[in-house]
Amino acid sequence: GAVVSQHPSWVICKSGTSVKIECRSLDFQATTMFWYRQFPKQSLMLMATSNEGSKATYEQGVEKDKFLINHASLTLSTLTVTSAHPEDSSFYICSALGDRAFSGGYTFGSGTRLTVV
Amino acid sequence: KQEVTQIPAALSVPEGENLVLNCSFTDSAIYNLQWFRQDPGKGLTSLLLIQSSQREQTSGRLNASLDKSSGRSTLYIAASQPGDSATYLCAVRLEGSNYQLIWGAGTKLIIKP
Numbered sequence: 009g010a011v012v013s014q015h016p017s018w019v020i021c022k023s024g025t026s027v028k029i030e031c032r033s034l035d036f037q038a039t040t041m042f043w044y045r046q047f048p049k050q051s052l053m054l055m056a057t058s059n060e061g062s063k064a065t066y067e068q069g070v071e072k073d074k075f076l077i078n079h080a081s082l083t084l085s086t087l088t089v090t091s092a093h094p095e096d097s098s099f100y101i102c103s104a105l106g107d108r109a110f111s112g113g114y115t116f117g118s119g120t121r122l123t124v125v
Numbered sequence: 004k005q006e007v008t009q010i011p012a013a014l015s016v017p018e019g020e021n022l023v024l025n026c027s028f029t030d031s032a033i034y035n036l037q038w039f040r041q042d043p044g045k046g047l048t049s050l051l052l053i054q055s056s057q058r059e060q061t062s063g064r065l066n067a068s069l070d071k072s073s074g075r076s077t078l079y080i081a082a083s084q085p086g087d088s089a090t091y092l093c094a095v096r097l098e099g100s101n102y103q104l105i106w107g108a109g110t111k112l113i114i115k116p
């Protein structure tokens, strides 16, 4: 089946530093990648949608200069949290939409727990 | 604007019971509906995907139904086990959308041994 590998699974960083999160589709081509953020006891909030080779589309209220998304290939998308602050601490999950072979379903990464201290 | 609601927000039942989780959506123009499971601090596992033309899908002890006209879906779990404890999320994909999913807030399920 379809697998998306997300790394790191957790990271602790100092305020003001940048953190990169990677999502790789291991056995399919991810034409579209979704990046979500999830706060404790809340559901997923879509941050942005990216298609391979084009600029990401950000949801209202999400700062594109702070959350840099790169989808340079059909198997790799990255989210970089720049100049992280404690309020950016959250659980970040990527979701890939692949080709029709997977019946239009979405494959999720295992998530990254970001803690900014 | 599509809204997805899940009731109850939390549910605790003894092991072995059959149970039903509910998901409702306000706009019936959906492409499909999915049920996911999320374990604490982890990603999501897709459980069942129901296309808009389908009425139900089954996988093992799980059965999901879809009634587009009434904007409802249910997830039925038979003979619950402690390992079923998790948060269950439903999400709809809209027709003609850019593949975005609209999410419910989830039902936190606890199965007591």
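Residue numbers (this note's numbering), protein chains in the order written: chain D, 9 to 125; chain L, 4 to 116.
Where a beta carbon is used, it is the ideal one built from N, C-alpha and C, also for glycine.
Restricting attention to Gln5(L), Gln9(L) and Lys4(L), the CA atom closest to the CA of Thr110(L) is found in Gln9(L). The beta carbon of Ile101(D) falls within 8 Å of a beta carbon belonging to chain L, placing the residue at that interface. Against chain L, a Cβ distance below 7 Å from Thr40(D) picks out Tyr102.
Contacts with chain L at 8 Å (Cβ-Cβ) include Thr57(D).
Taking the Cα positions, Trp43(D) is about 14 Å away from Glu60(D).
The beta carbon of Thr115(D) sits closer than 6 Å to the beta carbons of Ala10, Val12 and Ala104 from its chain, once the five residues preceding and following it are set aside; these are given in chain order. Shown here, Glu67(D) sits in coil according to DSSP, grouped into three states, outside any helix or strand. Beyond the five residues adjoining it in sequence on each side, Gln5(L) comes within less than 7 Å, by CB distance, of Phe28, Thr29, Asp30, Val95, Leu97 and Ile105 in the same chain, given in chain order. Against chain D, the beta carbon of Gly46(L) has neighbours under 8 Å at Gln14, Ile101, Phe116, Gly117, Ser118 and Gly119, listed in chain order. Contact residues of the stretch 25-58 of chain L toward chain D are Tyr34, Asn35, Gln37, Phe39, Gln41, Gly44, Lys45, Gly46, Leu47, Thr48, Ser49, Leu52 and Gln54 (C-beta to C-beta distance below 9 Å).
Looking at the DSSP output, Glu30(D) shares a beta bridge with His15(D) and Thr86(D).
Only those residues of the stretch 75-92 of chain L whose C-beta falls short of 7 Å from the nearest C-beta of chain D are listed: Leu92. Exclusion of the five residues before and after Leu36(L) leaves Ile53, Leu69, Ser76 and Val95 as the residues of its chain whose Cβ lies within less than 6 Å of its Cβ. Between Gly107(L) and the set Phe39(L), Tyr34(L), Ser72(L) and Lys71(L), the nearest pair of CA atoms involves Phe39(L). Residue contact with chain L for Gly69(D): absent (no Cβ-Cβ distance below 8 Å to any residue of chain L). Looking only at Gly113(D), Thr86(D) and Ala64(D), the smallest Cα-Cα distance to Cys31(D) is reached by Thr86(D). By the criterion of at least three beta-carbon pairs nearer than 8 Å, the stretch 15-23 of chain D is in contact with the stretch 88-102 of chain D.
Between the C-alpha atoms of Glu67(D) and Leu52(D) there is a straight-line separation of about 13 Å.
For His93(D), no beta strand (DSSP E) encloses it, and the DSSP letter there is neither H nor E. Distance from the Cα of Thr57(D) is smallest, within the candidate group Pro48(D), Gln46(D), Leu76(D) and Asp96(D), for Leu76(D). The residues Leu52 and Phe99, in chain order, have a CB closer than 6 Å to that of Gln46(D) in the same chain once the five nearest residues on each side in sequence are set aside.
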